[in-house]
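Everything below concerns the one structure shown next.
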Ligand code: ADP
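In my numbering, the protein residues as written are 64 to 467.
What follows is the structure in structure tokens.
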């Protein structure tokens, strides 16, 4: 079965084409700057030369058509016909309380995703454009949706409720949802396999640290708590997001700086975090380099980032009354040996012993970076959200075929 995985943003669309028999990637790529003057299509077919094309792509339907054209192109293509695509799986950021699992797209599911626009105004409308664009180009191909929030629907009220008037939850569903769920679920399963123990017996903290960052307490094989909340702004310090701050800063800053709500929102989402403290940028590579050449602001940004992450790990060890392993994943988690080392060196009270050489070794394999005697294991596990989306889509199609 061939599955196309799509992650549609408001002006971008990433894709990966899988052969599910051996879970191999046949091609991947992205379309950027949709709706702008010159859109860019980048395409990487397996075993063939990469292609980069600049053209006018005004909306998502055209973007999907261009992708399909590329996939069946006589020179660059990997398929003989677009009809070979059996199903399409979409990443959807917000599934609210309605979706604790992936689902096949039908009218009801689409209506529900639309009802959730309020909770994810930047993301869900873009995903809907992606779904509609596939419908327009491939009307008979089944589609599935895989939600970033689904894994965290197992959180109990004690961790998902905010201590604010209950009526806000009842009327507006203001509660903590959590994100990056596909990644947290994937790396926790991989961690259990790596450790050779059943997931339901493990207490894990999974740290998905990329541009956006969140950590999750995984207990009994489920998400028990996670650092992102109603939106991805809560929790850890991130590349450009503040993470946790005193909510009273919002009205105070609006008054002092004469800012509108949307300006403060943009400040906290786009102009805070590593970027704000370092004054350099949001990329951990740049911060780390600058810090090592003596830049004090970069050093402060790094230390704050590390401190807030370590506090979250410590809090979750307390929340679960124990900790078997910490998992690092995503851009920073997989690549920044210095961040991992700083976190681990300061968790020695847990009996955690870092293997410095293993931590410094670069690679894209799954690996432990603690000594064999370490009481808490620390693992680096590359995430693969696209593969999870492809697998869920595949499983839903097989289940549907079984029923019919
Ligand atoms: P996204 O959240 O957009 O999916 P990624 O998971 O790809 O992001 O992470 C991107 C971030 O990973 C970059 O901003 C960069 O800071 C970080 N990163 C990538 N490579 C390295 C590296 N070698 N060292 C430190 N940080 C890195």
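Note that beta-carbon positions come from the ideal geometry of N, C-alpha and C, so glycine has one too.
How many Å lie between residue 392 and residue 422 at the Cα?
-> For this step, residue 392 is matched to residue 329 along the chain shown. For this step, residue 422 is matched to residue 359 along the chain shown. Spanning the two alpha carbons is a distance of roughly 13 Å.
Could you tell me if residue 461 is buried or exposed, where buried requires 16 or more neighbouring beta carbons within 10 angstroms of its beta carbon?
-> The residue you call residue 461 lines up with position 398 of the chain shown. Classification of residue 461: exposed, given that the 10 Å Cβ count is below 16.
In three-state DSSP terms, what is residue 373?
-> For the purposes of this step, residue 373 is taken as residue 310 along the chain shown, with counting starting at 1. Three-state result, residue 373: helix.
What is the chain-ordered set of residues for which the beta carbon lies under 5 Å from any non-hydrogen atom of the ligand ADP?
-> Going down the chain, each residue whose beta-carbon is closer than 5 Å to a heavy atom of the ligand ADP shows up: 273, 274, 275, 346, 347, 348, 393, 394, 395, 398 and 399.
Determine contact between the segment 203-220 and the segment 162-176, defined as no fewer than three beta-carbon pairs at a distance below 8 Å.
-> yes
Completely contained beta strand (DSSP E) runs for the segment 365-435, where each covers 3 or more residues = Annotation: the segment 365-435 contains the following complete segments of the beta strand (DSSP E) (minimum length 3 residues), in chain order: 388-392.
Could you give the residue range of the beta strand (DSSP E) that holds residue 173?
-> Here residue 173 refers to the residue found at position 110 of the chain shown. Not the beta strand (DSSP E): residue 173 falls in the alpha helix (DSSP H), residues 170-178.
Three or more beta-carbon pairs under 8 Å between the segment 280-288 and the segment 258-269, yes or no?
-> yes
Have a look at 179, 139 and 143 and flag the residue whose alpha-carbon is nearest the alpha-carbon of residue 157.
-> Within the chain shown, residue 157 is the residue found at index 94, counting from 1. The shortest Cα separation from residue 157 among 179, 139 and 143 belongs to 179.
CB contact flag (residue 388, residue 276, <8 Å) | Here residue 388 refers to the residue found at position 325 of the chain shown. Here residue 276 refers to the residue found at position 213 of the chain shown. No, Cβ-Cβ distance for residue 388 and residue 276 is not below 8 Å.
Residue range of the unbroken beta strand (DSSP E) whose run includes residue 76 | Here residue 76 refers to the residue found at position 13 of the chain shown. Element bounds for residue 76: 76-82.
Would you kindly work out how many angstroms separate the C-alpha atoms of residue 437 and residue 380, rounded to a whole number?
-> Position 374 of the chain shown, counted from the first residue, corresponds to residue 437. Position 317 of the chain shown, counted from the first residue, corresponds to residue 380. Going by the C-alpha atoms only, they are around 16 Å apart.
Ignore the nearest five residues each way along the sequence and tell me which others in residue 338's own chain have a CB closer than 8 Å to its CB.
-> Within the chain shown, numbered from 1, the residue matching residue 338 stands at position 275. Only 302, 303, 344 and 345 meet the Cβ criterion.
Give a yes or no on whether the C-beta atoms belonging to residue 371 and residue 406 are separated by under 8 Å.
-> Within the chain shown, numbered from 1, the residue matching residue 371 stands at position 308. Within the chain shown, numbered from 1, the residue matching residue 406 stands at position 343. Taking 8 Å as the Cβ cut-off, residue 371 and residue 406 do not qualify as a contacting pair.
So is residue 85 buried or exposed if we call it buried at 16+ other beta carbons inside 10 Å?
-> To locate residue 85, count along the chain shown from 1; it is residue 22. Here residue 85 is exposed, its C-beta having fewer than 16 other C-beta atoms within 10 Å.
Among 369, 248, 249 and 91, which one has its Cα closest to the Cα of residue 306?
-> Residue 306 sits at position 243 when you count from the first residue of the chain shown. The candidate whose alpha carbon is nearest that of residue 306 is 369.
Near residue 123, which residues of its chain fall below 7 Å by C-beta distance, leaving aside the five closest residues on each side in sequence?
-> Position 60 of the chain shown holds residue 123. So the qualifying residues of the chain are 71, 76, 97, 192, 193 and 196.
Which runs of the beta strand (DSSP E) spanning at least 3 residues fall entirely within the segment 97-130, listed in chain order?
-> 102-108 and 114-118
So what's residue 91 in DSSP terms, helix, strand or just coil?
-> Here the question's residue 91 lines up with position 28 in the chain shown. DSSP places residue 91 in strand when its eight states are reduced to three.
Could you tell me if residue 125 is buried or exposed, where buried requires 16 or more neighbouring beta carbons within 10 angstroms of its beta carbon?
-> Mapped onto the chain shown, residue 125 falls at position 62. Its Cβ being crowded by 16 or more others within 10 Å, residue 125 is buried.
Distance between residue 441 and residue 432 (C-alpha atoms, nearest Å) | Translated into the one-based positions of the chain shown, residue 432 becomes position 369. Translated into the one-based positions of the chain shown, residue 441 becomes position 378. Straight-line Cα distance between these residues: approximately 6 Å.
Nonlocal neighbours in the same chain, by C-beta distance under 7 Å from residue 121, ignoring five residues either side = Residue 121 sits at position 58 when you count from the first residue of the chain shown. Closer than 7 Å at Cβ, skipping near neighbours: 98.
Presumed contact (8 Å Cβ cut-off) between residue 91 and residue 116, rounded CB distance = Taking the chain shown and counting its residues from 1, the one referred to as residue 91 is at position 28. Taking the chain shown and counting its residues from 1, the one referred to as residue 116 is at position 53. About 15 Å separates the two Cβ atoms, so there is no contact after all.
Taking the DSSP output, what are the residues bridged to residue 286?
-> Along the chain shown, one-based indexing puts residue 286 at 223. Paired residues: 281.
Residue interval of the alpha helix (DSSP H) (run including residue 235) | Residue mapping note: residue 235 aligns to position 172 of the chain shown, counting from 1. Per DSSP, residue 235 belongs to the alpha helix (DSSP H) from 229-235.
In chain order, which continuous runs of the beta strand (DSSP E) of length 3 or greater are located wholly inside the segment 286-322?
-> none
Nearest CA to the CA of residue 74: which residue from 81, 94 and 65?
-> Looking up residue 74 in the chain shown gives position 11. The option with the nearest alpha carbon to residue 74 is 94.
Going by DSSP, which residues form a beta bridge with residue 154?
-> Sequence index remark: in the chain shown, residue 154 carries index 91 (1-based). Beta-bridge pairing links residue 154 to 209.
Should residue 151 and residue 142 be called a contact, given that it needs their Cβ atoms to be closer than 8 Å?
-> Residue numbering aside, residue 151 sits at position 88 when the chain shown is read from its first letter. Residue numbering aside, residue 142 sits at position 79 when the chain shown is read from its first letter. In this structure, residue 151 keeps its C-beta atom at 8 Å or more from the C-beta atom of residue 142.
With a CB to CB cut of under 6 Å and the five nearest residues on each side skipped, what residues in its chain are close to residue 68?
-> Translated into positions along the chain shown, residue 68 becomes position 5. Spatial neighbours of residue 68 in its own chain (CB-CB distance under 6 Å, excluding positions within 5 residues in sequence) are listed in chain order as 79, 152, 449, 452 and 453.
Can you tell me the Cα-Cα spacing of residue 403 and residue 350, whole angstroms?
-> Here the question's residue 403 lines up with position 340 in the chain shown. Here the question's residue 350 lines up with position 287 in the chain shown. Distance between the alpha carbons of residue 403 and residue 350 is about 15 Å.
Exposed unless 16 or more other CB atoms sit within 10 angstroms - verdict on residue 176 = The sequence position of residue 176 within the chain shown is 113, counting from 1. Per the 10 Å Cβ criterion, buried.
Count the other CB atoms within 10 Å of the CB of residue 425; is the residue buried (16 or more) or exposed (fewer)?
-> Your numbering for residue 425 matches position 362 in the chain shown. Residue 425 is exposed by the Cβ-count criterion.
How far does the alpha helix (DSSP H) with residue 147 in it reach, from first residue to last?
-> Position 84 of the chain shown holds residue 147. That residue, residue 147, is in no alpha helix (DSSP H); it is neither H nor E in DSSP.
Among 463, 247, 223 and 224, the one whose alpha carbon lies nearest that of residue 214 = Here residue 214 corresponds to residue number 151 of the chain shown, with the count starting at 1. Among 463, 247, 223 and 224, the Cα nearest to that of residue 214 belongs to 247.
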